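Numbering (my numbering), first residue to last: 1 to 135.
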């Protein structure tokens, strides 16, 4: 038979020393402190994980709401743009060409829809006030 591999004789003698020391109060105290530290570390890691999962959930919900709002505002912007284009060259005398409208919309960016709408309303009101058809 071949000898058992893995542990040497010196390791066996260390095991005996450890088992002799395992009864000592200082060893038990060290083990207890280590066990408490491990327990505390695992609880802290679990708490961090739970907190991060909650934060991810909140951010995903917020992202979904913002995506929905973006879609709504883009649809509203397109609808208002079409309304202004369709209203141009009518008897009211408002003259807005599509290129001018596009440049106004591009200059404001997607986040400033309400500001864009205000500017377009002012433009239309200004044109309407100067037009004899509105008087």
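Idealized CB from N, CA, C, for every residue including glycine.
This structure is a prediction, so every number in the text was calculated from the model and none was measured.
Asked                                                                 : Found
Euclidean distance between Cα positions of residue 119 and residue 78 : 15 Å
Where residue 64 sits in the DSSP three-state scheme                  : helix
Candidates 99, 59, 29, 70: closest to residue 82 by CA position       : 99
Length of the line joining the Cα atoms of residue 64 and residue 50  : 21 Å
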